[in-house]
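A.B. asks: Pasting a structure below so you can have a look.
There are 2 protein chains.
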Amino acid sequence: MARTIGSNGARTAEAIRQAGVTLIYRHGYEAMSLRQLAAEVGLQSGSLYKYFDNKQSLLFDIVREHMADLLAKAEADLAGIDDPMARLKAFSAFHLRYHMQRMAHVFIANMEIRSLDDDHRAMVVGLRRRYENLLEDTLRAGAQAGVFRIAEPKVATYAIISMLTGICMWYRPGGRLSQDQLVDIYTGLVVDGVTGPQGLTAAAERHRALA
Amino acid sequence: MARTIGSNGARTAEAIRQAGVTLIYRHGYEAMSLRQLAAEVGLQSGSLYKYFDNKQSLLFDIVREHMADLLAKAEADLAGIDDPMARLKAFSAFHLRYHMQRMAHVFIANMEIRSLDDDHRAMVVGLRRRYENLLEDTLRAGAQAGVFRIAEPKVATYAIISMLTGICMWYRPGGRLSQDQLVDIYTGLVVDGVTGPQGLTAAAERHRALA
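If you read the protein sequences in the order shown, they are chains U and B.
Just so we're aligned, residue 75 is where the first sequence starts under the numbering used here, counting upward by one.
Just so we're aligned, residue 75 is where the second sequence starts under the numbering used here, counting upward by one.
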């Protein structure tokens, strides 16, 4: 956990977090040494402990802050939008824009889940679950309203989030397509994916397989 | 590069690769020590050098072998299938089944690209590009034939591959849905995604934005 510190201290803690993101992104959590981290922010190794209990609490702080921020901003963006199709489009656009800007954080949040202690991992997975539920509940509502044709809202949720998150793997600012154009293209794939006839085919196949 | 060794040696080299996959998956490439790796396969650290020049060449060997195997098996699966829709479905099914079975390899191939030397990275990215082209060429052929409605085949390729690869992040054998059912559901999302009306909307929007 981050310790209680004044406003200068808060700036230093933030600098440590930023340096931590960069080093973990580049080398991986286990390989990052506290000596390296301290050097990056111009502190002695021993001084780090004024700001963070240990390396594990720094990782937890980074990943939790990322997931909590993602969740809070998504909830704010979707507030007041009730129509499932409008919510789906808003969620997709939000997720894409957020992930085009926070590639290192996203990489760490996905990859270093393995390095979190059990309690920390459970808390992060809980936040992620709440985030996924924003989409899953929207898909269920749209399916009930007959707007979406999807056999398995949970599987569709995972599939859509993976697709949208993947933009981190290749997007670089200043490319041929603008962020707006990429949002249009990806959102188009998502909307068609959950409204097309195959969603029902899959449901029928599954029903047949279970019968 | 793996050294030239006899058949016992080949078995040992394979055991080293397997242990390397496990350790890198768990700890990250930089954090894995050769001492750890040697202990895992019951060798002295010094003996590893009979099989691999160094840690970097082991990583390259693991990632290259994975990408080459993925590419070769995909090419074999798609051989003789000319119809774009049939090729798209075959590609999706192949990718899903492969990725449900090789989670650790996939994780490493995606995450430890950062740890490869420039030359090694270029070779792996080249193999990955050839693999992506299998899908991109199929999407282009289908768009030309009027079967698919997609504005940007390259973007759609990245989007689809991310969606399908994401199954690694949550799939566990023995769950409620069988592999066949998951293939149906994901493939349905892909097919609807590239045949629905939004693909053209995105193209029209882009055209308007550029006009």
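Backbone N, C-alpha and C define an ideal beta-carbon position, used for all residues, glycine too.
In or out: TYR123(U) buried (at least 16 other Cβ within 10 Å) or exposed?
C.D. replies: exposed
A.B. asks: At 8 Å on the CB atoms, spell out the chain B contacts of PRO247(U), in chain order.
C.D. replies: Within chain B, no residue comes near PRO247(U); the closest Cβ sits about 16 Å away, beyond 8 Å.
A.B. asks: Can you list, in chain order, the residues of its chain with a C-beta nearer than 7 Å to that of ILE155(B)? Leave out the 5 residues immediately preceding and following it.
C.D. replies: ARG161, ALA164
A.B. asks: Does ALA113(U) get closer than 7 Å to chain B when you measure Cβ to Cβ?
C.D. replies: Residue contact check for ALA113(U) against chain B: no CB pair falls below 7 Å.
A.B. asks: According to DSSP, is PHE222(B) part of a helix, a strand, or is it coil?
C.D. replies: coil
A.B. asks: Mind checking who PHE165(U) pairs with in its DSSP beta bridge?
C.D. replies: Answer is none; PHE165(U) lacks a bridge partner.
A.B. asks: From which residue to which residue does the alpha helix (DSSP H) around ALA148(B) run?
C.D. replies: 129-152
A.B. asks: Can you list, in chain order, the residues of its chain with a C-beta nearer than 6 Å to that of MET159(U)? Leave out the 5 residues immediately preceding and following it.
C.D. replies: VAL221
A.B. asks: Excluding five sequence neighbours on each side, which residues of the same chain lie with their C-beta closer than 7 Å to the C-beta of MET75(B)?
C.D. replies: Note that MET75(B) scores a pLDDT of 48, beneath 50, so its modelled location is shaky; the value from the coordinates is reported in the next line. Here the set comprises ASP127, SER131.
A.B. asks: Check for me: the alpha helix (DSSP H) holding PRO227(U) runs from which residue to which?
C.D. replies: 227-239
A.B. asks: Are ASP266(U) and GLY267(B) touching if we call contact CB-CB under 7 Å?
C.D. replies: In this structure, GLY267(B) lies closer than 7 Å to ASP266(U) by Cβ.
A.B. asks: Quick check on ARG85(B): buried or exposed, where buried means 16 or more other Cβ atoms within 10 Å of its Cβ?
C.D. replies: The Cβ neighbour count for ARG85(B), taken over all protein chains shown within 10 Å, is under 16; the residue is labelled exposed.
A.B. asks: Whose Cβ in chain B lies nearer than 7 Å to the Cβ of MET185(U)?
C.D. replies: MET185
A.B. asks: Identify which residue in SER252(U), ARG204(U), LEU251(U) has its Cα closest to the Cα of ALA142(U).
C.D. replies: ARG204(U)
A.B. asks: Please confirm if the segment 229-244 of chain B is in contact with the segment 172-186 of chain B, defined as three or more CB-CB distances below 8 Å between the two stretches.
C.D. replies: Result yes; three or more Cβ-Cβ pairs closer than 8 Å.
A.B. asks: Quick one: does GLU104(U) have its CB under 7 Å from some CB of chain B?
C.D. replies: With a threshold of 7 Å between beta carbons, GLU104(U) makes contact with chain B.
A.B. asks: Which chain U residues are close to HIS173(B), counting only those with a beta carbon under 8 Å from its beta carbon?
C.D. replies: Per Cβ cutoff of 8 Å: no residues; HIS173(B) is ~11 Å from chain U at best.
A.B. asks: Nearest to GLN255(B) by CA position, among TRP244(U), GLN272(U), MET243(U), is which residue?
C.D. replies: GLN272(U)
A.B. asks: Mind pulling the chain U residues with CB within less than 8 Å of TYR232(B)?
C.D. replies: GLY240, ILE241, MET243, TRP244
A.B. asks: Measuring only between beta-carbons, confirm whether VAL265(U) sits less than 7 Å from chain B.
C.D. replies: yes
A.B. asks: Counting only beta-carbon atoms, is GLN253(B) nearer than 7 Å to chain U?
C.D. replies: no
A.B. asks: Below 8 Å on C-beta distance, what does PRO271(U) contact in chain B?
C.D. replies: ASP266
A.B. asks: Between the C-alpha atoms of ARG138(U) and LEU190(U), what's the straight-line distance to the nearest angstrom?
C.D. replies: 11 Å
A.B. asks: Just to confirm my understanding: we take ALA219(U), look at its own chain, exclude 5 residues before and 5 after, and list those with CB closer than 7 Å. What are they?
C.D. replies: PRO158
A.B. asks: Curious, which full-length alpha helix (DSSP H) runs of at least 4 residues does the segment 76-128 of chain U contain?
C.D. replies: 81-101, 108-114
A.B. asks: Pairing CB atoms from the segment 114-122 of chain U with CB atoms from the segment 99-119 of chain B, are three or more of them under 8 Å?
C.D. replies: no
A.B. asks: Using the Cβ count rule (16 or more neighbours within 10 Å means buried), how would you classify ARG250(U)?
C.D. replies: So ARG250(U) ends up on the exposed side.
A.B. asks: Consult DSSP for ARG203(B) and reduce its assignment to one of helix, strand or coil.
C.D. replies: helix
A.B. asks: For VAL88(B), count neighbouring C-beta atoms within 10 Å of its own C-beta (all shown protein chains included) and say buried if the count is 16 or more, exposed if not.
C.D. replies: Looking at the sequence shown, residue 88(B) is not Val but Glu. Exposed.
A.B. asks: Go ahead and pull the three-state DSSP assignment for ASN260(B).
C.D. replies: Here residue 260(B) turns out to be Tyr, not Asn, going by the sequence shown. Reduced to three states, the DSSP call for TYR260(B) is helix.
A.B. asks: Could you pull the start and end residues of the alpha helix (DSSP H) that MET243(U) belongs to?
C.D. replies: First-last for MET243(U): undefined, no H or E at that position.
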